[in-house]
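With the numbering used here, letter number 349 in the sequence shown gets 352, and the count goes up by one each step, no holes. C-beta: ideal position from N, C-alpha, C; glycine also. Below: one structure, written as structure tokens.
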Amino acid sequence: MANPILIKIPRHADRVLVEAFLKFSAAIGSPHVSVNAGVGGNYQIDSKNPISDELEKLLSYDASVVQGISTSIPGFNVNLHRGGYPHQNQSKSAIYDDIGVQIDPSQCKLSEGQRVEFVGLVTKHLGSFDPMRHVKGGVSEEQDQLLAIHNATLERLESLNENLIRDSEKFRRKVEKDYRERSAELEEKYDERSDQLNAEIDEKRKALAGRKEELAAKIKEIDDRQNTHVRRELRQQILEEIRNRTEKFKLTKGTNNLRWPIHVVCVLLVGALAASALYYAVETIEALRSDPINNLSVAILVGKQILLSGAFGASVIFYVRWMNAWFSQHASTEFQLRQFQLDIERASWVVETALEWKDAKGSTIPAELLGPISNNLFGAESTDSSVVTPADELASALLGTASKVRLNVAGSELELDGKKLNKA
4 MANPILIKIP RHADRVLVEA FLKFSAAIGS PHVSVNAGVG GNYQIDSKNP
54 ISDELEKLLS YDASVVQGIS TSIPGFNVNL HRGGYPHQNQ SKSAIYDDIG
104 VQIDPSQCKL SEGQRVEFVG LVTKHLGSFD PMRHVKGGVS EEQDQLLAIH
154 NATLERLESL NENLIRDSEK FRRKVEKDYR ERSAELEEKY DERSDQLNAE
204 IDEKRKALAG RKEELAAKIK EIDDRQNTHV RRELRQQILE EIRNRTEKFK
254 LTKGTNNLRW PIHVVCVLLV GALAASALYY AVETIEALRS DPINNLSVAI
304 LVGKQILLSG AFGASVIFYV RWMNAWFSQH ASTEFQLRQF QLDIERASWV
354 VETALEWKDA KGSTIPAELL GPISNNLFGA ESTDSSVVTP ADELASALLG
404 TASKVRLNVA GSELELDGKK LNKA
């Protein structure tokens, strides 16, 4: 092959160079990359033998130990020369390296596009430069090379800055375009949704107007109905309410709770009176058995016993009559409710008869006919509201209206007159 084409690059660490050659091999289709690390050994990198642990450790030092790297295909060889391509009477450089490319046109099958891609990778990843692109200033060759590298770096930075500005402008234009398209799309959707909602509102308004017309027609129909039908429905509702109340006719829980104190007081009073009467009966018997008999003591004991017995009987009678009054009033109220139900039926019939009479005869029904059929409608029966006291019950039960009681106790006579008690 002819002398290689040299591409000068600044000095890079070993890892950067190895990674760049892996990209070169992928671009040209080379199956392997060879690495010459000098005293560090030689390494082969391919799909079957990736970067070994030893080479990875060597690359982790970020040093410049690697002396050469190569990758090739038939007719196209790429080599790295540390310190530049070896020439006679020329020492190696400490600030740049050479990428040597040897091409055999008879064997190389790379297309022009693949070659351009390779050059772009070298420029992008390794930063190639031209050592002659600088102003001569009477300095040494090494200084000229440093100036060339510096100029190449500045050019890359300027190019990078231009690309950033260009990309930013493209991105801004793309964002503005996307914003306009999105705004137009949203506005179109908004208009479409607005039209849809307006159409739905119009439909609902039409439905509401139709509903109002139906309701107005229904109200007119109800108003045009005969009073007889409305009256019959009202009567049926009243009867249904009365029927519901008569099925479960009972006192409320609050009313029942108000009766409990009277129950308790009456039971305690009857028990206390019975116990006291029994106690004085025993005392009277013991006094009669004593010798000699003390007539005054016996009379007092007998009087106490009679009074307690009378109070006991009066309390029992009062309690029984009070309970019976509750039951009677409950039954009377239930009977009145049922009577009210019948009166509703009768009243409806009377009204129907009067209206039919008026429709048929053209005049009101005669009072002579209306009176008998409406007699005692909603009339309440008179009830005796007089209250019988326990004293009346006791006098009526024990003495009667004109009876007398005479007691002979140890030679003394005690007389109780029922009439005088009633007058008292």
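Distance, residue j Cα to residue i Cα
{"i": "S197", "j": "E206", "result": "14 Å"}
{"i": "L242", "j": "K215", "result": "34 Å"}
{"i": "E188", "j": "K177", "result": "16 Å"}
{"i": "I296", "j": "Y283", "result": "16 Å"}
{"i": "E184", "j": "Q199", "result": "22 Å"}
{"i": "L373", "j": "L358", "result": "12 Å"}
{"i": "Y182", "j": "E190", "result": "12 Å"}
{"i": "D100", "j": "G41", "result": "16 Å"}
{"i": "S50", "j": "P34", "result": "7 Å"}
{"i": "G403", "j": "R246", "result": "Reliability fails at G403, whose pLDDT of 48 lies under 50, so the model's placement of it is uncertain and no value is given."}
{"i": "V38", "j": "G86", "result": "16 Å"}
{"i": "I168", "j": "K180", "result": "18 Å"}
{"i": "G78", "j": "R175", "result": "46 Å"}
{"i": "L340", "j": "D346", "result": "10 Å"}
{"i": "L401", "j": "T258", "result": "Low per-residue confidence applies at L401: pLDDT is 49, beneath 50, and the placement is therefore not dependable, though the value from the model is reported in the following sentence. Distance between the alpha carbons of L401 and T258: 34 Å."}
{"i": "L58", "j": "E161", "result": "35 Å"}
{"i": "E195", "j": "A202", "result": "11 Å"}
{"i": "A363", "j": "A334", "result": "43 Å"}
{"i": "E112", "j": "T126", "result": "According to the sequence provided, residue 112 is Lys. The question's Glu does not apply to it. The straight-line gap from Cα to Cα measures roughly 22 Å."}
{"i": "S114", "j": "Y193", "result": "54 Å"}
{"i": "H232", "j": "N327", "result": "45 Å"}
{"i": "R238", "j": "F343", "result": "12 Å"}
{"i": "V323", "j": "A314", "result": "14 Å"}
{"i": "I368", "j": "S351", "result": "15 Å"}
{"i": "E244", "j": "A277", "result": "49 Å"}
{"i": "S55", "j": "Y46", "result": "8 Å"}
{"i": "P53", "j": "R18", "result": "14 Å"}
{"i": "I204", "j": "L211", "result": "10 Å"}
{"i": "K209", "j": "D170", "result": "57 Å"}
{"i": "A219", "j": "T356", "result": "33 Å"}
{"i": "P264", "j": "Q332", "result": "19 Å"}
{"i": "I303", "j": "N260", "result": "41 Å"}
{"i": "K221", "j": "R262", "result": "53 Å"}
{"i": "E236", "j": "E224", "result": "16 Å"}
{"i": "L299", "j": "K256", "result": "53 Å"}
{"i": "K173", "j": "E165", "result": "12 Å"}
{"i": "C269", "j": "E371", "result": "55 Å"}
{"i": "S94", "j": "H153", "result": "21 Å"}
Beta-carbon proximity check, residue i vs residue j, cutoff 8 Å
{"i": "A32", "j": "I76", "result": "Looking at the sequence provided, one finds Gly at residue 32 rather than Ala. In contact: G32 and I76 (Cβ atoms closer than 8 Å)."}
{"i": "V353", "j": "I376", "result": "yes"}
{"i": "S131", "j": "I8", "result": "no"}
{"i": "S312", "j": "A275", "result": "no"}
{"i": "S318", "j": "V267", "result": "no"}
{"i": "I48", "j": "L129", "result": "no"}
{"i": "L83", "j": "L20", "result": "yes"}
{"i": "D65", "j": "A16", "result": "yes"}
{"i": "L291", "j": "V301", "result": "yes"}
Cβ neighbours of residue i in the same chain (closer than 7 Å, five flanking residues each side left out)
{"i": "V30", "result": "The question names Val, yet the displayed sequence has Ala at residue 30. Counting only Cβ-Cβ distances below 7 Å, and skipping sequence neighbours, we find Q117, E120, F121, L124."}
{"i": "R349", "result": "L380"}
{"i": "R14", "result": "S67, I98, Y99, D100"}
{"i": "V81", "result": "F27, S73, T74, S75, I102, V104"}
{"i": "K307", "result": "Y283"}
{"i": "W430", "result": "Look at the range of the chain in this structure, 4 to 427, and you will see that residue 430 is not part of it."}
{"i": "G71", "result": "N39, N82, L83, H84, R85"}
{"i": "L89", "result": "Per the sequence presented here, residue 89 reads as Pro, with Leu not at that position. Correct list: empty, nothing qualifies."}
One or two residues paired with residue i in a DSSP bridge
{"i": "H35", "result": "D49"}
{"i": "K11", "result": "D101, F132"}
{"i": "I106", "result": "F79"}
Contacts around residue i, its chain only, beta-carbon distance under 6 Å, and the 5 residues preceding and following it disregarded
{"i": "G43", "result": "L61, V68"}
{"i": "S28", "result": "V36, T74"}
{"i": "N6", "result": "none"}
Cutoff 8 Å; reference residue i; Cβ partners in own chain excluding five residues on either side
{"i": "A394", "result": "Note that A394 scores 47 on pLDDT, short of 50, meaning its location in the model is unreliable; the coordinates nonetheless yield the value given after this. For A394, where only same-chain residues beyond five positions count, the Cβ hits under 8 Å are A317."}
{"i": "G365", "result": "none"}
{"i": "L25", "result": "V36, I48"}
{"i": "K329", "result": "The sequence given here has Trp at residue 329, not Lys. Only R262 meet the Cβ criterion."}
Proximity test, Cβ basis, 8 Å: residue i and chain B
{"i": "P89", "result": "Chain labels in this structure do not include chain B; a single protein chain is all it has."}
Contact test: residue i Cβ vs the ligand GDP heavy atom, cutoff 7 Å
{"i": "P53", "result": "The ligand GDP is not part of the structure shown, which contains no ligands of any sort."}
- Whole beta strand (DSSP E) elements within the stretch 42-104, 3-residue minimum: Positions of the beta strand (DSSP E) runs, each at least 3 residues long and wholly inside the stretch 42-104, are given as 45-49, 71-76, 79-84 in order along the chain.
- With a floor of 4 residues, list each alpha helix (DSSP H) that falls wholly inside the stretch 296-368, ordered by position along the chain. Within the stretch 296-368, the complete alpha helix (DSSP H) runs of at least 4 residues are 298-364.
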